[in-house]
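Worksheet: one structure, shown below.
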Amino acid sequence: SIGKTDNGQVGVFAALSQGDDVAMVNTRLYLPKEWTDDKKRCDKAGIPLQDQEFKTKPKLALEMLKEAEGVIEYDWVGGDAVYGESTELRLGIGALGRTFVLDIRGNQAVYLKHPKPYIPDGPAGRGGIKNTYKSDEQDIKVRDLLKILSDSQWKTCTHRQGTKGGKTRQVVCVDVFIWNKRRAKNDAVEELRLIISREVDGSEVKFSITNNLAQAGHQSLCDCDLLFRQMQRYWVERAIQDCKDTLGMTDYQVRTWRAWHHHITLTIMALHYMLEQKIVHDEHIPLLSCPDIKFFLAMNLPRKASSEQQVWELIVKRHELRQKDLDRYRLK
């Protein structure tokens with residue numbers, strides 16, 4: 104997701120990446136609950152009735168993944184901690200038969216052994232129903248695992264090539280269980296692998312979880328391969344930053360459903376054009392970037408102004424339009 108919740112305009116984006124090549128393939132406008140609870144506000148913004156329902160960012164992400172089934176080929180799903188900490192999304196991805204590598208925060212609780220939830224003997228609760236599960240196993244926050252991991256458990260792997268050579272990190276993977284106690288079901292335990300990586304000097308620790316497990320006829324990925332997947336989100340973040348800094352993704356002042364989608368769609372199309380140019384010219388210009396392409400276009404496309412006088416005339420016209428917007432705002 105990008106930006107803050109200014110005017111309720113926060114986007115959830117689906118990106119397809121291969122190495123450092125990234126394309127945006129879908130998007131959803133996230134609406135806070137204070138918006139969806141205000142029908143008049145939604146109607147004024149032109150939000151379709153079927154979309155005036157509060158949905159969390161993970162729920163929107165799962166919708167896009169379901170839409171991608173049979174349309175887009177991909178190996179695994181990545182995402183930041185907002186998505187990694189969603190039980191609904193993790194189970195939803197698993198139900199699609201897909202693998203994920205999702206970030207989590209350091210305070211995420213896990214079990215090193217199956218918690219084996221059970222309902223203890225004793226009097227029933229209110230309503231005569233006993234549904235409070237407990238476990239005899241003790242959970243642990245993933246950041247506290249750093250204290251009990253030995254130096255010999257860490258592997259040093261190269262996860263990508265940089266301009267100054269290979270980028271390396273240390274990684275260790277641990278089999279863990281996550282029990283979502285709020286689901287209040289005996290089957291609410293997920294068997295996962297925890298990926299912990301850090302810089303060689305021990306800084307910048309990163310935690311992720313994956314459902315890539317060893318199964319009958321299927322071998323799980325090695326620690327270095329899982330580190331590669333964990334770090335691939337770097338390129339997606341770079342693409343989003345290009346959209347913001349170079350393509351004007353966040354440079355808008357619109358407050359309607361249609362206008363937001365029009366603006367974001369044009370931004371995504373521009374990113375696709377940038378990606379196409381980078382691929383076409385990769386052999387001869389391997390360092391070609393979005394700012395480079397934008398600079399080239401600015402220098403070669405016809406301009407409305409060919410003299411200083413015309414430039415000032417255009418500025419005056421822009422100021423007139425801006426003043427009209429200010430006047431309309433004051434009249435409200």
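Per the working numbering: the sequence shown = residues 104 to 435. Don't be surprised by glycine CBs; every beta carbon is placed ideally from N, CA and C.
CA-to-CA distance, residue j to residue i, given in whole angstroms
| i | j | result |
| --- | --- | --- |
| Lys143 | Gly149 | 10 Å |
| Gly122 | Tyr376 | 18 Å |
| Gln273 | Asn403 | 46 Å |
| Tyr236 | Ile281 | 14 Å |
| Thr368 | Val245 | 39 Å |
| Met167 | Thr130 | 8 Å |
| Leu132 | Asp140 | 16 Å |
| Gln153 | Ile371 | 24 Å |
| Ile346 | Asp278 | Correcting the residue type first, residue 346 is Cys in the shown sequence and not Ile. Distance between the alpha carbons of Cys346 and Asp278 is about 37 Å. |
| Lys309 | Gly225 | 42 Å |
| Leu165 | Leu192 | 6 Å |
| Thr261 | Arg341 | 19 Å |
| Asp428 | Arg361 | 19 Å |
| Arg431 | Gly305 | 56 Å |
| Glu240 | Cys325 | 28 Å |
| Gln356 | Trp363 | 9 Å |
| Val128 | Glu188 | 23 Å |
| Gln318 | Glu294 | 12 Å |
| Leu297 | Gly197 | 16 Å |
| Lys136 | Ile418 | 40 Å |
| Leu366 | Leu163 | Per the sequence presented here, residue 366 reads as His, with Leu not at that position. So the alpha carbons of these two residues sit roughly 19 Å apart. |
| Asp146 | Leu215 | 49 Å |
| Glu156 | Leu378 | 34 Å |
| Gln322 | Trp179 | 16 Å |
DSSP-derived helix/strand/coil call for residue i
| i | result |
| --- | --- |
| Glu340 | helix |
| Cys393 | helix |
| Asp345 | helix |
| Leu297 | strand |
| Leu248 | helix |
| Thr108 | Confidence is the limiting factor: at Thr108 the pLDDT is only 45, short of 50, which leaves the residue's position unreliable, though a coordinate-based value still follows. In the structure shown, Thr108 sits in coil (DSSP, three-state: anything other than H, G, I, E or B). |
| Thr235 | coil |
| Ile196 | helix |
| Ser306 | coil |
| Ile124 | One point to set straight first is that residue 124 is Asp, not Ile, in the sequence displayed. In the structure shown, Asp124 sits in a strand (DSSP, three-state: E or B). |
| Tyr355 | coil |
| Gln155 | coil |
| Ile243 | strand |
| Ile388 | coil |
| Ile312 | strand |
| Val174 | coil |
| Arg131 | strand |
| Gln413 | helix |
| Gln318 | strand |
First and last residue of the uninterrupted beta strand (DSSP E) at residue i
| i | result |
| --- | --- |
| Leu264 | According to the sequence provided, residue 264 is Gln. The question's Leu does not apply to it. It spans Lys258 to Gly265 - the beta strand (DSSP E) in which Gln264 sits, taken as one unbroken run. |
| Arg406 | Unbroken run through Arg406: none, as it is neither H nor E. |
| Ala118 | Val113 to Gln121 |
Inter-residue CB distance, residue i and residue j (contact presumed, cutoff 8 Å)
| i | j | result |
| --- | --- | --- |
| Leu205 | Glu172 | Incorrect: roughly 18 Å between the Cβ atoms, too far for contact. |
| His292 | Thr271 | With the sequence shown as reference, residue 292 is identified as Val, and His is not the correct amino acid for it. About 35 Å; that fails the 8 Å criterion. |
| Lys397 | Thr359 | Actually they do not touch by this definition, with Cβ atoms about 27 Å apart. |
| Asn283 | Thr190 | 5 Å |
| Leu374 | Ala117 | Actually they are not in contact, since the Cβ atoms of Leu374 and Ala117 sit about 13 Å apart, beyond 8 Å. |
| Pro64 | Ser238 | Residue coverage of the chain in this structure runs from 104 to 435, which leaves residue 64 outside it and unanswerable. |
| Tyr177 | Leu119 | 6 Å |
Opening and closing residue of the alpha helix (DSSP H) in which residue i lies
| i | result |
| --- | --- |
| Met334 | Asp326 to Met334 |
| Met167 | Lys160 to Ala171 |
| Ala373 | Trp360 to Val383 |
| Arg208 | Segment: none, Arg208 is in no alpha helix (DSSP H) and carries neither H nor E. |
| Lys142 | Lys142 to Lys147 |
| Ser185 | In the sequence on display, residue 185 carries Val and not Ser. Start and end: Ala184 to Gly187. |
| Lys270 | First-last for Lys270: Gly268 to Trp282, but that is the beta strand (DSSP E), not the alpha helix (DSSP H). |
| Lys136 | Lys136 to Thr139 |
Reference residue i, options the options, closest by Cα
| i | options | result |
| --- | --- | --- |
| Arg285 | Val113, Pro389 and Pro220 | Pro220 |
| Gln211 | Lys427, Ile299, Val357 and Ala317 | Ile299 |
| Gln264 | Gln335, Arg301 and Asp428 | Gln335 |
| Phe399 | Val414, Glu416, Phe157 and Lys381 | Lys381 |
| Lys169 | Gln155, Asp183 and Leu194 | Leu194 |
| Ser311 | Ser253, Glu156, Phe203 and Lys158 | Phe203 |
| Ala184 | Arg208, Val339, Gly197 and Ile196 | Arg208 |
| Asp124 | Val339, Glu294 and Gln426 | Val339 |
| Ile251 | Lys267, Val275 and Thr259 | Val275 |
| Ile243 | Gln413, Val213 and Lys258 | Val213 |
| Cys327 | Gln412, Lys160, Ser392 and Gln256 | Gln256 |
| Val113 | Lys147, Pro151, Asp146 and Lys158 | Lys158 |
| Leu330 | Lys258, Ser410, Gln322 and Glu156 | Lys258 |
| Pro151 | Pro161, Trp138 and Lys160 | Trp138 |
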